[in-house]
Structure formats: structure tokens, C-alpha cells
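Visitor:
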Amino acid sequence: MAVKKAVFAGGCFWCMVKPFETQPGILSVTSGYTGGHVPNPTYEQVTTGTTGHTEAVEIEYDPEIITYAQLVEIYWQQTDPTDALGQFADRGDSYRPVIYYSDEAEREAAEKSKQQLQESGRFDKPIVTKIEPRTTFYPAEEYHQDYYKKNKIHYQLYREGSGRAGFLRKNWKD
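Take 552 as the starting number for the sequence shown in the working numbering and just add one per residue.
#1: On a CA-only basis, which of Asp-675, Pro-590, His-604 is nearest Tyr-651? Give me that one, please.
#2: Using C-beta distances below 7 Å, list every residue in its chain close to Thr-633, excluding the 5 sequence neighbours before and after it, in chain order.
#3: From what residue to what residue does the beta strand (DSSP E) around Ser-582 run?
#4: Between the alpha carbons of Glu-711 and Gly-717, how many angstroms are there, rounded?
#5: What beta strand (DSSP E) runs, 3 residues minimum, are completely inside the region 620–692?
#6: Roughly how many angstroms lie between the CA atoms of Ala-660 and Ala-620, to the nearest whole one?
#7: What is the rounded straight-line gap between the Cα of Tyr-698 and the Cα of Ala-656?
#8: How long is the line joining the alpha carbons of Pro-557 and Val-568, rounded to whole angstroms?
#9: Examine chain C for any beta-carbon lying closer than 9 Å to the beta-carbon of Leu-636, and answer yes or no.
#10: Between which residues of its own chain and His-695 is the CB-CB distance below 6 Å, once the five residues before and five after are set aside?
#11: Assuming Gly-736 and Asp-644 make a contact with CB atoms under 8 Å, what is their CB distance in whole Å?
Dropping the structure here:
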């Protein structure tokens, strides 16, 4: 089996794990940091906004079961693609939405999907999610991994309280 990896940033990484992890063909989802200039950053460093990193998830998947294009479609449905300054209650560069690509085929798939979403008319505002080359991914600290499983109540309260759950219900109900 050929395993591939995809990286997506969509605000708080806690909320980006479960939607991918529950899909067929997903082997693992790791919370972490990418896109910055500081090697091996910590959560405390990333949240200062000075490292250039975004909170992101790295997804290991079997491309014979789920495609990169399908992962991009799942990604859109977890984010507000019209907000470039963060996601929901989380503001700043470390929470900006980004699709990271590893090669030209992934870049083209992401760009095509973004264009289709813009043309769909689902949102009144422009789709501003960035599509950028993938850089080194650094796994986050252990207490951030599988947060939705380890801290179920806090995760649910955060997902609702941040505005993410309501936005997703309203804009992605189908």
C-alpha cells in the first residue's frame, strides 16, 4: 500500500482531526505546526504569532481508498473559506486557513476545487483560503493529539463556543 500525506490548516487543529479521522482510507491524523521559520516550535511559540507557523493537521491516507481531491472537499466543510484572518474565535496568522500541496497535481486539484467553490455561489464573499507549498510539518505536543477523544466535553464546548459548529451547520448542511 502506498501511503500519502496531506496537510491542511483550518484554525484550531483540535477541530480538524475528527472530520478526517473518521473517513475510510485515513490511516492517521496528527496535529502540528507548519509554514513557519522556527524549527521544532512549541505551542506557546506558535500562539505568539511570531514563528510564521499555522496550526495544521497532517493526514496519512491510502490514495486507493480516498483521493487528495476528496480530502480537499472534506477540508472546505470544516472551515470558513471566506475568512483569511483566522477561523471562528481563533484569530491571527497561526489560525489562518491554508491548503498545503506537495506537488503540482495536488496544487491543481486544490486550485480547481477552490474555483468550483467560488463559482458555486455558496458564499457571498470571495474564497480567500491560501494554497501554498508544503513545508516541514512539526507534530504538536502529545496533549494536543486526539484532543476530541481525550477531552470530549471541553472539545464539544469549544467547538460550539468558538462559532465553528454553528457556522458549519448553517453553511454546510447538505
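Even glycine gets a Cβ: it sits at the ideal position worked out from N, Cα and C.
Values in this document were obtained by computation on a predicted structure and should not be read as measured data.
Guide: Answer, in terms of the structure:
#1: Numbered from 1 along the sequence shown, position 100 holds the residue referred to as residue 651. Of the listed residues, the one whose Cα sits closest to Tyr-651 is His-604.
#2: Here residue 633 is taken as the residue at index 82 of the sequence shown, counted from 1. Cβ within range, chain order: Phe-674, Lys-676, Pro-677, Ile-678, Val-679.
#3: Within the sequence shown, the letter at position 31 stands for residue 582. Run containing Ser-582: 577–585, per the beta strand (DSSP E) assignment.
#4: In the sequence shown, residue 711 corresponds to position 160, counting from 1. In the sequence shown, residue 717 corresponds to position 166, counting from 1. Taking the straight line joining both Cα atoms gives about 7 Å.
#5: Listed in chain order, they are 649–652, 681–684, 688–690.
#6: On the sequence shown, residue 660 is found 109 positions in, with the first residue counted as 1. On the sequence shown, residue 620 is found 69 positions in, with the first residue counted as 1. Cα to Cα, Ala-660 sits roughly 6 Å from Ala-620.
#7: As a first step, residue 698 must be located in the sequence shown, where it is residue number 147. As a first step, residue 656 must be located in the sequence shown, where it is residue number 105. Spanning the two alpha carbons is a distance of roughly 32 Å.
#8: Sequence index remark: in the sequence shown, residue 557 carries index 6 (1-based). Sequence index remark: in the sequence shown, residue 568 carries index 17 (1-based). The amino acid occupying residue 557 in the given sequence is Ala; Pro does not appear at that position. For Ala-557 and Val-568, the distance between alpha carbons rounds to 13 Å.
#9: No chain C appears in the structure shown, which is made up of a single protein chain.
#10: Your numbering for residue 695 matches position 144 in the sequence shown. Ser-582.
#11: There is simply no residue 736 to check, as the chain begins at 552 and stops at 725 in what is shown.
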